[in-house]
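Asker: Start counting the sequence shown at 1; every next residue gets the next number (full-length UniProt numbering).
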Amino acid sequence: MTTIKISNRRNENIVGLFETRPDSYIPDQPKRLILICHGVMGHKNYLFQKLLAQQLPVESFRFDFRGNGESDGTTHFGNIDDDVDDIRTVASYFESKGYQIYGIIGHSRGSVASFRYASGCRVPVPHLVNVAGRYRMHLIRGRQTEAQTKELKEKGFYKWTIRRKGKLEDIIVKEADVEEFATFDTSHVYKLSKATSVLTCHGAADFIVPVHDAAMYSNIIPTHTLKLFPKADHNFKGCYQELVDTILRYFKVQENEAVRAWRFGQTKSLTIPRWIDVEGVMNFRDIGGWDVKGGNGYIRERMVFRCGHMSNLTDKGVDTLKSLGITAAFDFRSRQEIEQYGIMRDIDGLVRHASPVFLDADYSPAALAVRWQGYFAGPKGFPNAYRNMLQSGPKVFENIFRHLIANPRSPFIIHCTAGKDRTGVFVMLLLGLCGVDDEVIAREYELTNLGYWESEEQLAKKAQLLERTIDDLKIVMSAPYLAMKETIVMVRQEYGSIEEYVRKHCNLNDEDIAAIRRIMIVPIRREEKQLYRPAKL
1 MTTIKISNRR
11 NENIVGLFET
21 RPDSYIPDQP
31 KRLILICHGV
41 MGHKNYLFQK
51 LLAQQLPVES
61 FRFDFRGNGE
71 SDGTTHFGNI
81 DDDVDDIRTV
91 ASYFESKGYQ
101 IYGIIGHSRG
111 SVASFRYASG
121 CRVPVPHLVN
131 VAGRYRMHLI
141 RGRQTEAQTK
151 ELKEKGFYKW
161 TIRRKGKLED
171 IIVKEADVEE
181 FATFDTSHVY
191 KLSKATSVLT
201 CHGAADFIVP
211 VHDAAMYSNI
221 IPTHTLKLFP
231 KADHNFKGCY
241 QELVDTILRY
251 FKVQENEAVR
261 AWRFGQTKSL
271 TIPRWIDVEG
281 VMNFRDIGGW
291 DVKGGNGYIR
301 ERMVFRCGHM
311 SNLTDKGVDT
321 LKSLGITAAF
331 DFRSRQEIEQ
341 YGIMRDIDGL
351 VRHASPVFLD
361 ADYSPAALAV
371 RWQGYFAGPK
381 GFPNAYRNML
391 QSGPKVFENI
401 FRHLIANPRS
411 PFIIHCTAGK
421 DRTGVFVMLL
431 LGLCGVDDEV
441 IAREYELTNL
451 GYWESEEQLA
461 KKAQLLERTI
471 DDLKIVMSAP
481 YLAMKETIVM
491 VRQEYGSIEE
501 YVRKHCNLND
511 EDIAAIRRIM
521 IVPIRREEKQ
531 LYRPAKL
């Protein structure tokens, strides 16, 4: 355990305790970190937080909000936005050290601030644990004692005695502070990403925040699990270990692949493998099974597949393709790439369609360095590269859409060299056209990090050729979630929407788009929806 001081925008030190878990590191993945946020006038070792931090399966940082515990600055009754800013400061600090903010666990007011932070993140927080968080902020007005209410009315303030740094202190609570707290808007949870899974823990004996607030969070957030504790009060006194065990069990369950799939909207296909082992081909997966917005349907499975180049396909791999009923493969690669890697072998009943997005792309080191400049800039630079694909590929994309319309029951493959960039752009168009949520599209794109890789030796050769570092090449070969999110933003800014791009540049009309949606979306009847809910803890 290490004490860390992090300076905020006011040059105040936010003080916290870092719990290490070296055994939780996953090779070639960012180190995961959970932030623990205390409640009103609390501190980093308040209530159950120390016990929880010592038992979490990944590294954690529990800290004092400004004006609390050992942290600098001042606090007051209603400054929840300052708490949000402190979370942002702490998260940015650890992200700069290479950590992924894997989860945030908040208690009471700390939960309210955590929700506000998570609702505005560019990269969603995978997990948020809400312990006794308030939703109906206006009810705080009923929490003042008769004496406090009288003082507010007569003096405009009352004194609230708290313990800070081991000493009792008086906090002046003004009418403006109560108003600031009571009017804090919690409706932002409607904007919480579908990629964020939420666990709410609430005591049935909580007389500070009514249990109905927990039910409201549960009803608003689609990726939500609610756990009630019959004997627990607001601070879970006497129930610390029960609470900790529930949180630990939640994280263990969330590591299960089927639960992760449900969280990203994959409902119907929980029993159908997404990844398919096609011998000799990397990154081969089904793009179906994802939920469409509103939960009224899902993308048809075993219809459209994506992968890397198929030049090394084996006999066993051919048998797998035949078993899937695949009749066509659209190859996005240029002539130079085909000369370098070769093409798919001839297969009876499966037609290869040459569909180069860039027909005569220059693959000299100088040309690659220029074309990959956007990738080298990191996730925010990827859209510059993908913009070129959208400008060069409309006719190719139109041909695939029309093939789908003409062959509504004939599965096909789309691929480039890695099955990442050109393939990812087309999958974005197809899923977006069918109403799949942006978060899901970006997470589907990110799956390529699991399906495609190059050895250190291969990366070293490319790095030497381009006069770049191996780390630069790893960025180029990666499929960052944020890169696809930024690309979708770029499409909306420059084309209006994915549908508008397809209409204007791929020449599809209302009838064409309706046909694609009929083919690709499997409707879920209203009475069936209850069958796809995950088990609660």
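For every residue, glycine included, the Cβ atom is placed at its ideal position computed from N, Cα and C.
Would you mind giving the Cβ-Cβ distance between Val357 and Ser311, rounded to the nearest angstrom? I have them listed as a contact below 8 Å.
Answerer: As a working mapping, residue 357 is identified with position 357 in the sequence shown. As a working mapping, residue 311 is identified with position 311 in the sequence shown. Between Ser311 and Val357 the Cβ distance is about 18 Å, and since that is not below 8 Å, they are no contact.
Asker: Just to confirm, is the Cβ distance from Ala214 to Thr200 under 8 Å?
Answerer: Within the sequence shown, numbered from 1, the residue matching residue 214 stands at position 214. Within the sequence shown, numbered from 1, the residue matching residue 200 stands at position 200. Going by C-beta atoms, Ala214 is nearer than 8 Å to Thr200.
Asker: Could you tell me which of Val58, Lys150, Leu482 and Pro394 sits nearest to Glu446, measuring between CA atoms?
Answerer: In the sequence shown, counting from the first residue as 1, residue 446 sits at position 446. Here the closest residue by C-alpha is Leu482.
Asker: Assign Leu17 to one of two classes, buried (16 or more other C-beta atoms within 10 Å of its C-beta) or exposed (fewer than that).
Answerer: As a working mapping, residue 17 is identified with position 17 in the sequence shown. With 16 or more other Cβ atoms within 10 Å, it is buried.
Asker: Along the chain, where does the beta strand (DSSP E) that runs through Phe412 open and close?
Answerer: Position 412 of the sequence shown holds residue 412. Per DSSP, Phe412 belongs to the beta strand (DSSP E) from Phe412 to His415.
Asker: Three or more beta-carbon pairs under 8 Å between the region 393–404 and the region 312–326, yes or no?
Answerer: Verdict: no, contact absent.
Asker: How big is the Cα-Cα spacing for Arg32 and Asp319?
Answerer: Within the sequence shown, the letter at position 32 stands for residue 32. Within the sequence shown, the letter at position 319 stands for residue 319. Their Cα atoms are separated by approximately 40 Å.
Asker: Starting from Thr200, trace the beta strand (DSSP E) in both directions and tell me its first and last residue.
Answerer: By one-based count along the sequence shown, residue 200 stands at place 200. First-last of the beta strand (DSSP E) with Thr200: Ser197 to Gly203.
Asker: Ignore the nearest five residues each way along the sequence and tell me which others in Thr20's own chain have a CB closer than 8 Å to its CB.
Answerer: Working through the sequence shown from its first residue, we reach residue 20 at position 20. For Thr20, where only same-chain residues beyond five positions count, the Cβ hits under 8 Å are Met1, Thr2 and Glu59.
Asker: I need the DSSP call for Phe184, collapsed to helix, strand or coil.
Answerer: Locating residue 184 in the sequence shown gives position 184, counting from the first residue. Here Phe184 sits in coil by DSSP.
Asker: Near Ser7, which residues of its chain fall below 7 Å by C-beta distance, leaving aside the five closest residues on each side in sequence?
Answerer: On the sequence shown, position 7 is the one that residue 7 refers to. Correct list, in chain order: Asn13.
Asker: Within a Cβ cutoff of 6 Å, which residues of the same chain sit near Lys316, ignoring the five residues on either side of it in sequence?
Answerer: The sequence position of residue 316 within the sequence shown is 316, counting from 1. Within the same chain, Lys316 has close Cβ partners Glu279.
Asker: Within the same chain, show all residues whose beta-carbon is closer than 6 Å to that of Leu152, passing over the 5 residues directly before and after it, in chain order.
Answerer: Taking the sequence shown and counting its residues from 1, the one referred to as residue 152 is at position 152. Around Leu152: Tyr158 and Glu175.
Asker: Between Ile414 and the rest of its own chain, which residues show a CB-CB distance below 6 Å, the 5 nearest in sequence each way excluded?
Answerer: On the sequence shown, position 414 is the one that residue 414 refers to. Contacts found: Arg306, Phe330, Thr423 and Phe426.
Asker: Are the region 432–447 and the region 483–502 touching, with three or more C-beta to C-beta distances below 8 Å?
Answerer: The region 432–447, when compared against the region 483–502, does touch it at the 8 Å Cβ threshold.
Asker: On the criterion of 16 or more Cβ atoms from any shown chain inside 10 Å, does Ser108 qualify as buried, or is it exposed?
Answerer: Indexing the sequence shown from 1 puts residue 108 at position 108. So Ser108 counts as buried.
Asker: When DSSP labels each residue in this structure, what does Leu47 get in the three-state scheme?
Answerer: Stepping through the sequence shown from its first residue, residue 47 is reached at position 47. Leu47 falls in the coil class under three-state DSSP.
Asker: Using the C-alpha atoms, what's the distance from Ala354 back to Ala328?
Answerer: Along the sequence shown, read from residue 1 onward, the residue named residue 328 stands at position 328. Along the sequence shown, read from residue 1 onward, the residue named residue 354 stands at position 354. In a straight line, the C-alpha of Ala328 is about 11 Å away from that of Ala354.
Asker: In this structure, does DSSP put Ile208 in helix, strand or coil?
Answerer: Residue mapping note: residue 208 aligns to position 208 of the sequence shown, counting from 1. Three-state DSSP puts Ile208 in coil, outside helix and strand.
Asker: Is it true that the CB of Asp233 sits closer than 8 Å to the CB of Asp206?
Answerer: As a working note, residue 206 is residue 206 in the sequence shown. As a working note, residue 233 is residue 233 in the sequence shown. Cβ distance < 8 Å, so Asp206 and Asp233 count as in contact.
Asker: For Asn68, I'd like the list of residues in its chain whose CB is within less than 8 Å of its CB, leaving aside the five on either flank, ordered along the chain.
Answerer: Numbered from its first residue, the sequence shown carries residue 68 at position 68. Excluding residues within five positions, the ones whose Cβ falls inside 8 Å are His38, Met41, Gly42, His43, Thr75 and Arg164.
Asker: Let me know if Leu508 comes out buried or exposed under the rule of 16 or more other beta-carbons within 10 Å of its beta-carbon.
Answerer: The sequence position of residue 508 within the sequence shown is 508, counting from 1. Buried, because 16 or more other Cβ atoms sit within 10 Å of the Cβ of Leu508.
Asker: Do Met282 and Tyr452 have their C-beta atoms within less than 8 Å of each other?
Answerer: Within the sequence shown, the letter at position 282 stands for residue 282. Within the sequence shown, the letter at position 452 stands for residue 452. Yes, they are a contact pair.
Asker: DSSP on Asn68, reduced to helix/strand/coil?
Answerer: By 1-based counting over the sequence shown, the position of residue 68 is 68. Asn68: coil per DSSP, three-state reduction.
Asker: If you draw a straight line from the alpha carbon of Val84 to that of Ser111, how long is it in whole angstroms?
Answerer: What you label residue 84 is simply residue 84 of the sequence shown in a count that begins at 1. What you label residue 111 is simply residue 111 of the sequence shown in a count that begins at 1. Rounded to the nearest angstrom, the two C-alpha atoms are 10 Å apart.
Asker: Would you please state the rounded distance, in angstroms, between the beta carbons of Gly133 and Gly103? I believe it to be under 8 Å.
Answerer: By 1-based counting over the sequence shown, the position of residue 133 is 133. By 1-based counting over the sequence shown, the position of residue 103 is 103. With a Cβ gap of about 15 Å, Gly133 and Gly103 do not count as contacting.
Asker: Report the partner residues of Gln100 according to the DSSP bridge assignment.
Answerer: Numbered from 1 along the sequence shown, position 100 holds the residue referred to as residue 100. In the DSSP output, where bridge partners are listed per residue, Gln100 has Arg32.
Asker: Nearest to His224 by CA position, among Asp23, Ser193 and Met303, is which residue?
Answerer: As a position in the sequence shown, residue 224 is number 224, starting the count at 1. For the residues Asp23, Ser193 and Met303, the minimum Cα distance to His224 belongs to Ser193.
Asker: Around the C-beta of Val189, are 16 or more other C-beta atoms found within 10 angstroms, so that it is buried, or is it exposed?
Answerer: By one-based count along the sequence shown, residue 189 stands at place 189. By the neighbour-count rule (16 or more Cβ atoms within 10 Å), Val189 is buried.
Asker: Check Lys5 in the structure and name its three-state DSSP category.
Answerer: Taking the sequence shown and counting its residues from 1, the one referred to as residue 5 is at position 5. The answer is strand: DSSP assigns Lys5 an E or B state.
Asker: Pick helix, strand or coil for Thr225, following the three-state DSSP scheme.
Answerer: For this step, residue 225 is matched to residue 225 along the sequence shown. Correct three-state label for Thr225: strand.
Asker: Starting from Phe18 and walking both ways along the beta strand (DSSP E), at which residues does that stretch end?
Answerer: Numbered from 1 along the sequence shown, position 18 holds the residue referred to as residue 18. Taken as a continuous stretch (DSSP letters only), the beta strand (DSSP E) holding Phe18 covers Asn13 to Glu19.
Asker: Going by alpha carbons, who is nearest to Thr186 out of Val211, Met216, Leu168 and Ser197?
Answerer: Locating residue 186 in the sequence shown gives position 186, where the first residue counts as 1. Comparing Cα positions, the closest option is Met216.
Asker: Quick check: the Cα distance between Arg335 and Arg345, rounded to an integer number of angstroms?
Answerer: Counting from 1 along the sequence shown, the entry for residue 335 is found at position 335. Counting from 1 along the sequence shown, the entry for residue 345 is found at position 345. When rounded, the distance between both Cα atoms is 16 Å.
Asker: Note down, one range per segment and in chain order, each alpha helix (DSSP H) of at least 4 residues found wholly within the region 302–335.
Answerer: 315–323, all fully within the region 302–335.
Asker: Could you give the residue range of the alpha helix (DSSP H) that holds Ala147?
Answerer: Residue mapping note: residue 147 aligns to position 147 of the sequence shown, counting from 1. Looking at the DSSP string, the run of the alpha helix (DSSP H) that includes Ala147 is Glu146 to Lys155.
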